[in-house]
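Peer 1: Encoded as structure tokens, here's the structure I'll be asking about.
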Amino acid sequence: MRLEWPVYVFTAGVFLAFALGVQFLNLGNGAVVGLFILLTVAYAWVAWVMIKQKAVLELHAYVPCSNCGELTPSQGKHCMNCGAVIVAGNAQ
Numbered sequence: 014m015r016l017e018w019p020v021y022v023f024t025a026g027v028f029l030a031f032a033l034g035v036q037f038l039n040l041g042n043g044a045v046v047g048l049f050i051l052l053t054v055a056y057a058w059v060a061w062v063m064i065k066q067k068a069v070l071e072l073h074a075y076v077p078c079s080n081c082g083e084l085t086p087s088q089g090k091h092c093m094n095c096g097a098v099i100v101a102g103n104a105q
């Protein structure tokens, strides 16, 4: 996956905040940590499935990759197909 580390930190923070928020249910520390780990793994699995299926939103322009020639979203830094660095080009 070509996500930047701040995305992972933000997501982990969201899940940690949720896990800490359920303490009012009188869950033990082990249950909170377990819930945090479960939510993090679930998020990673969903992201992996979306990338494997190339499930991207159709709300942005595409540019041809200079390496493989396939269309890839213009807002990304890397090609969704081959992983090459995207050079700014004409949007379609």
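For any residue, its number in the working numbering is found by taking its place in the sequence shown, counting from 1, and adding 13. No residue lacks a Cβ here, since even glycine has one placed at the ideal position from N, Cα and C.
Please return the same chain residues whose Cβ sits closer than 7 Å to the Cβ of L33, not counting the five positions on each side in sequence.
Peer 2: For this step, residue 33 is matched to residue 20 along the sequence shown. Contacts found: V45.
Peer 1: Per the DSSP calculation, L75 is bridged to which residue(s)?
Peer 2: As a working note, residue 75 is residue 62 in the sequence shown. In the sequence as displayed, the identity of residue 75 is Tyr instead of Leu. In DSSP, Y75 forms a bridge with P86.
Peer 1: Answer with buried or exposed for I50, where buried requires no fewer than 16 other C-beta atoms within 10 angstroms of its C-beta.
Peer 2: Indexing the sequence shown from 1 puts residue 50 at position 37. Its Cβ having fewer than 16 others within 10 Å, I50 is exposed.
Peer 1: From the DSSP output, which residues share a beta bridge with V98?
Peer 2: Taking the first residue of the sequence shown as position 1, residue 98 is located at position 85. V98 pairs with H91.
Peer 1: Going by DSSP in three states, G34 sits in which element: helix, strand or coil?
Peer 2: Residue numbering aside, residue 34 sits at position 21 when the sequence shown is read from its first letter. Correct three-state label for G34: helix.
Peer 1: Taking the C-alpha atoms as reference points, what is the distance between F31 and L84?
Peer 2: As a first step, residue 31 must be located in the sequence shown, where it is residue number 18. As a first step, residue 84 must be located in the sequence shown, where it is residue number 71. Their Cα atoms are separated by approximately 37 Å.
Peer 1: Helix or strand or just coil, what does DSSP make of G47?
Peer 2: Mapped onto the sequence shown, residue 47 falls at position 34. Three-state result, G47: helix.
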